[in-house]
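For reference, the structure is listed below as structure tokens.
There are 2 protein chains.
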Amino acid sequence: MTSQGEPQEGLSTLTKVTGPSSWSRVSCPCCVSSRIEPLVLIQLAENVQPITKQWIMSMISAPVKAGGAQLLVHPGEDMKGDMIVVAAPRCTLLRVTEDLGLCKTYQDGNMMAFSFEDRHNFCNIDNMQQFLTLAERQYIVKHELDSMRAMEDQRIPGIPAPKGKLKARESILQKLEKAGVIRNITPLHDQKLLSALGKQWYSHKSLWGQPLDSIHAYFGGTIAYYFSFLDFYTLSLFPPAILGLFITFFLPSANFSNGNKTESKPTLLKQHDGQPSVSSYMVQAVFSMLWSTVFMELWKRRSAALSYHWGTFKLAEQFQEPRPGFHGELSTNPVTGRLEPLFPEWKRRVRIGLVSVPVVGVFLGLVVMGMAGFYFFERLVSGWHKASGSHFTVVLLYLPSIAHILYTNVLGNIYRNVALKLTEAENHREESSFDYHHTTKVLVFTFFNNFAVLFHIAFFKEDLPLLRKRLSSLLIVTQVVNQFTEVVVPFLVDRFLTSADRNLKKDDPEVDHLQAQGSLPAFPGLFAEYIELLVQFGYLSLFSCVYPLTAPLLLLNNLTEIRTDAYKLCKLFNKPFSAPVANMGVWQPAFEVLSFISVMSNCWLLLLSPHVKELTEEAGLSSSKVLVIAVIVEHVLIMVKMILAFMIPDEPDWVRIKREQIEYHSMQALKKQRIMLSCVDDKLPSKA
Amino acid sequence: MTSQGEPQEGLSTLTKVTGPSSWSRVSCPCCVSSRIEPLVLIQLAENVQPITKQWIMSMISAPVKAGGAQLLVHPGEDMKGDMIVVAAPRCTLLRVTEDLGLCKTYQDGNMMAFSFEDRHNFCNIDNMQQFLTLAERQYIVKHELDSMRAMEDQRIPGIPAPKGKLKARESILQKLEKAGVIRNITPLHDQKLLSALGKQWYSHKSLWGQPLDSIHAYFGGTIAYYFSFLDFYTLSLFPPAILGLFITFFLPSANFSNGNKTESKPTLLKQHDGQPSVSSYMVQAVFSMLWSTVFMELWKRRSAALSYHWGTFKLAEQFQEPRPGFHGELSTNPVTGRLEPLFPEWKRRVRIGLVSVPVVGVFLGLVVMGMAGFYFFERLVSGWHKASGSHFTVVLLYLPSIAHILYTNVLGNIYRNVALKLTEAENHREESSFDYHHTTKVLVFTFFNNFAVLFHIAFFKEDLPLLRKRLSSLLIVTQVVNQFTEVVVPFLVDRFLTSADRNLKKDDPEVDHLQAQGSLPAFPGLFAEYIELLVQFGYLSLFSCVYPLTAPLLLLNNLTEIRTDAYKLCKLFNKPFSAPVANMGVWQPAFEVLSFISVMSNCWLLLLSPHVKELTEEAGLSSSKVLVIAVIVEHVLIMVKMILAFMIPDEPDWVRIKREQIEYHSMQALKKQRIMLSCVDDKLPSKA
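Read top to bottom, the protein sequences are chains A and B.
Residues are numbered in the numbering used here as their position in the first sequence, beginning at 1, plus a constant of 30.
Residues are numbered in the numbering used here as their position in the second sequence, beginning at 1, plus a constant of 30.
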């Protein structure tokens, strides 16, 4: 966190060039400052008229009461005139900090929800660069820009009627983006901080440890949570990796005695077709089932500690203004007393239950149908080929695969649109809730797509050797492809791009630097990163007992993944906005659900293993009896996992105590407040 | 609630006789009143010395700071001198109301957590009889008696050393009960209110509706929740009862067409051994699965509304003093700042997970073993009997049953003790949490005991006709036995008891009336009542598809059950203390879990039905394939239930809004408080 303490010269150079006088006026005396920090860059379309730019700038600097954002604005002063640079006055920063429910260090050393009126009792209140992190300041600017609203029906100057018409309470920013006036909004990089962070992070010599606090300060909540989880996950992979290596290399044949599980005749312990012996199978399966629960529970504790540390454990999203896309009957919010659209919860739930879930189910069905069709036609075509054996049928052999890939891609594209539309129709009030439901839909589909083939092999073909082959090739090929696309390509691109950049910078550093930032591609979000981890975790927990090298390979992958992700984020994309969050959202339940599904899959794989089959045949059990026993074992294991999860509290005791303290004090405060109010009224009649 | 408004003459007659001067002095001027309402009766053992009684009375009236209860106390003045009558001064009532976190009507009409300092803004504050219900006042007295603690090591006067030694911070009341000094503590009945309530309740002519608010006011939270649930449950039984009657009487044979489910050959639809046709089977099973979810979700909404209405939705048990049996390292509670024993949460959870759960599991295993042993010996003995056929072996035939009954009873008694010991070892801080875990343990065992035989018939013997026979005899026999023990016996007992009572009363109404109250048996608690409902619900949701008359029979049972329970409670037992609660505790999840287990059981029963067997045989499916299909169907049904449960919000919108309002205001208040405090300090320097 020391990096925040230094004066932000990298950013403030712009101020020196353009001079503080070019910024819009500050109305509030406490916000007047000789140095203004540019935070966010708005890029307009090239054909935007000066009058439109003028209007946008006036709205951004207008007070909140007039529908503005109460921010500082600068015209950018480059040749094209297509930029607006935005900064934030102190009062706006502090007000929004309170609105967001961010916690900051109080004078007694505890984290407390920030209150504007009580600001003088918070630490570092005189230095905004220390009080709020760069990412928080930039998110606040974004938040305020998003909440600009038209106060009445009006027209945007310089834009023709249908596009430029604003209805009362409509979001101005959304309208401008839809109308194509605004091309892009990016938070600005601080080159000095960035290079310091990069040195600590991906150029670091040691293999271990990421500067999580600095990442949080520079990139913000969601991104910091991703890297914290990646860090924790990688560390947690050591035990299964060691076990996997041990099983693969030190137990090559079957002389491994596993106490009471394999005390039957030694002849049974012989290897079957080079696959691990049943005892190591079982050790691996049981270990990975318990490991995944312990891992997730410990991560929850870590996550709770981080959210206290980063001041995001009392976020007050439900008491804020609803997100821009939210619609409903305009009425007074009974809780906060603000005028805003209202939408009943039960309607949303009915839409989720009766529309979204069935539609998602249909798409999952289509994936299954596609796979079934693929197998059907493949068999058909290879039958023809065998029968005729001509060159024409050789070409035909590729047809089912090509058709299936096409089908999957088209389906995926349609589904992405449908998922967005469905989530919009659910009409979530909060941004986080919208993200949650949208990500869930995409995630379920992506996951299903990824695992459909493996499940098919495991549950229908019941072909363990094929599953093992498939799994190892997936792990190795994916890894090589990832390393290439994530490391080599970006590195080359970066070399070319940055060298071009550097030449330009020598001429007119500030303006061109801004332009260079705008020209990078937008950060595609964390979905791809998280789903990669989830799919890996799936390989590990669902199937690792057939291929014990999964964990070591994943460990290797993650160690490089951390660096390449960091490099990508710092160098190759525009800096993304990142909201303060209290956990990693929907990904946490996703990992947990997977860890429970893993019990079923592992039980099933054990059932399929030839050793178990032999054992049951010798014991003379019918196949349905064996199935019933497997179901019972599965339920017992799920019970054990649940007990284990119960025994590890979700938050460390010290976090719980801090949370309860706040709860207790606010309960007390609510009671006191009423009395205090009447007491002040009584004793200070001069007020009236 | 109107009954509270009337002056409580039934109770205050005692005051007239004994005169206010016989009560202990009131220290606080606002609590002085010409009329004192006796609330609780403490019965001492007969051999207690006057000096001990004197000491107890002085402790009860001592201030809280001295370890006392700050209550009013009256020596009782009967011949034997073994009674203490306790009343509560206004200040104590109000202080504890705040401590408990009870909500009362604020001047703006909303329910708000009561605050002593702000008392003048609450409605009815001048009349304790209207402000607090009788049950609440009596519970407050109990609560204060329970929290009497020795301030230092001391001896109870008049009791020999080992029993009479009090350690610092030891609960005085617990010690006195253990030492046998206190025989009994009962809240006093108010005959006038009671007879008015009885008239409304069980002597009521109409079949429907209970005076729930009056029950809550007179008997208190836990009891009111039981009757509310019974009420709601009975009402909810109408749809399945109607369906059951319809299936039984209007679909005697199999010509019932069920759309797409039975479009196969009509020959398949013929009746099998007089059991209902498969289509009605399926209708019944699917209906009861969905019905149970809808029922539980709607009850949750009703429960939330009741808890708001009764002011128990913000109970602050975790911020109160711990329950008397709680032990731990004496330290400052970091949340409230009070000195009290502390015990880490993770230790409790480890004890639950590693000790309690396995031990309970062992006992459940013993139940199963007992049953297996019974069947084994029965087969053995009947084999002998067939072989020899002598009179001696006829007697032997009864041996397995007798042994099994003995075994079950002994096991049950051991288990009850073990469950109590285990829960004590878990060392719960709150009374409600202790009850929750204790009840869970007993409940699981009792339920298992009740259903073991039925499960055995359904899942191992796979004998549906036997299951149907057993179920119908259980339902009918239990009902007849219940009606007899719960209605006829109590009625006869009551006739004899009350007539004896009435003669006595004419002589010296007050004192003998008190004595009569003490002589009734203690109320055995609601466990037996709830478990009866749960077992019934189990019959209905788990097995009703084999015996559609279950629901009508249960409906009939419940309609009488309401009246007999009410009669019992009013007439045949001492009035119980009943804590203010926000829901029906562990019973709610118990019913929910059962409703999910019902999916498995219904799927299994459908699988066993001869019709499905024929169908699968015709389709040529192997038995393990059929099992897999059944498992898939089961999972889909569980999904549907979960979606249904998700779609019905757990609390009505208006309750959610009220709750969020309080949350929002206390968040605001916490911020304001700090400023208010400094503001008052600044503006009122004269204070110093």
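Glycine included, every Cβ here is placed at the ideal spot set by N, Cα and C.
> Where DSSP assigns a beta bridge to A/L372, which residues make up the other side?
Replying inline: A/E359
>> Please give the ranges of any beta strand (DSSP E) in the stretch 189–230 of chain A, keeping only runs that are unbroken, at least 3 residues long and fully inside the region.
In response: 212–217
> Who are A/E449's beta bridge partners in DSSP?
Replying inline: Reading off the sequence shown, one finds Ala at residue 449 of chain A, where the question assumed Glu. In DSSP, A/A449 forms no bridge with anything.
>> In the DSSP assignment, the alpha helix (DSSP H) including A/M614 goes from what residue to what residue?
In response: Taken as a continuous stretch (DSSP letters only), A/M614 belongs to no alpha helix (DSSP H), as it is neither H nor E.
>> For a contact defined as C-beta to C-beta under 8 Å, what are the partners of B/A346 on chain A?
In response: M697
> Which chain B residues are close to A/L657, counting only those with a beta carbon under 8 Å from its beta carbon?
Replying inline: S654, L657 and V658
> Between B/L564, B/M113, B/D138 and B/F161, which lies nearest to B/T124 when the distance is taken from Cα to Cα?
Replying inline: With the sequence shown as reference, residue 124 of chain B is identified as Leu, and Thr is not the correct amino acid for it. Out of B/L564, B/M113, B/D138 and B/F161, B/F161 has the C-alpha closest to the C-alpha of B/L124.
> What is the DSSP secondary structure of A/R353, reduced to helix, strand or coil?
Replying inline: coil
>> If contacts are defined as beta-carbon pairs under 8 Å, then B/A724 and B/Y248 qualify, I think. What distance do you get, rounded to the angstrom?
In response: Chain B is shown from 31 up to 718; residue 724 of chain B falls before or after that span and cannot be answered.
> Since A/V380 meets chain B, which of its residues come closer than 8 Å, beta carbon to beta carbon?
Replying inline: M677
>> Taking the alpha helix (DSSP H) that A/K605 belongs to, which residues open and close that run?
In response: Counting along the chain, A/K605 falls outside any alpha helix (DSSP H), and DSSP gives it neither H nor E.
> What residue from A/Q159, A/I81, A/Q168 and A/V70 has the CA that sits closest to A/S608's CA?
Replying inline: A/Q168
>> Going by DSSP in three states, B/H458 sits in which element: helix, strand or coil?
In response: coil
>> Can you pull out the residues from the stretch 369–397 of chain A whose beta carbon lies closer than 8 Å to at least one beta carbon of chain B?
In response: P374, E375, W376, R379, V380, I382, G383, L384 and V387
> Hey, quick one: how far does the beta strand (DSSP E) through A/L164 stretch, first residue to last?
Replying inline: Premise fails: A/L164 lies in the alpha helix (DSSP H), L164 to D176, not in any beta strand (DSSP E).
>> Please report the straight-line C-alpha distance between A/F393 and B/P679, rounded to a whole angstrom.
In response: 27 Å
> From the DSSP output, which residues share a beta bridge with B/I114?
Replying inline: B/I72
>> With distance defined between alpha-carbon atoms, name the residue in B/L320, B/L452 and B/F481 nearest to B/V398.
In response: B/F481
>> Quick check: the Cα distance between A/Y466 and B/T594, rounded to an integer number of angstroms?
In response: 51 Å
>> Taking 6 Å as the limit between beta carbons, can you name the residues of its chain near B/K330, skipping five residues before and five after?
In response: D680
>> Using C-beta distances below 6 Å, list every residue in its chain close to B/N613, excluding the 5 sequence neighbours before and after it, in chain order.
In response: S333
>> To the nearest angstrom, how far is the alpha carbon of A/V411 from that of A/A488?
In response: 24 Å
> So A/P364 packs on B/Q137, CB below 8 Å; how close in whole Å?
Replying inline: At roughly 19 Å, the Cβ-Cβ gap does not stay under 8 Å, so A/P364 and B/Q137 are not in contact.
>> Counting only Cβ-Cβ distances shorter than 7 Å, please list the residues of the stretch 678–695 of chain A near chain B, keeping chain order.
In response: P679, D683, I687, E690, Q691, Y694 and H695
> Does the beta carbon of B/Q648 sit closer than 8 Å to a beta carbon anywhere in chain A?
Replying inline: Looking at the sequence shown, residue 648 of chain B is not Gln but Glu. Output row for B/E648: interface = no.
> Is the number of C-beta pairs between the stretch 341–348 of chain B and the stretch 647–663 of chain A that are closer than 8 Å three or more?
Replying inline: no
> Does B/N288 come within less than 8 Å of chain A when only Cβ atoms are used?
Replying inline: Summary for B/N288: the model assigns pLDDT 38, below 50, so the residue's position carries little reliability; its value from the coordinates is reported in the next sentence. Closer than 8 Å: no.
>> As an exercise, report each continuous alpha helix (DSSP H) stretch of at least 4 residues that is fully enclosed by the stretch 453–519 of chain B, in chain order.
In response: 461–485 and 494–513
> Is the shortest distance between the beta-carbon of A/T580 and the beta-carbons of chain B less than 8 Å?
Replying inline: no
>> Closer than 8 Å between beta carbons: that is the criterion. Which residues of the stretch 460–493 of chain A meet it against chain B?
In response: none
>> Strictly below 7 Å CB to CB, what residues from chain A border B/P554?
In response: Correct list: empty, because the minimum Cβ distance to chain A is about 31 Å.
>> For A/Q240 and A/D493, what's the separation of their Cα atoms in angstroms?
In response: 42 Å
> What does B/I506 reach in chain A if we use C-beta pairs closer than 8 Å?
Replying inline: What B/I506 touches in chain A: nothing, since even the nearest Cβ is about 33 Å away.
>> As a quick exercise: from B/I627, B/P578 and B/F514, pick the residue whose alpha carbon is nearest that of B/F280.
In response: B/P578
> Between A/E182 and A/E347, is the Cβ-Cβ spacing less than 8 Å?
Replying inline: no
> To which residues of the same chain is B/T453 closer than 8 Å at the C-beta, ignoring the five residues directly before and after it?
Replying inline: S386, F464, H467, H468 and K471
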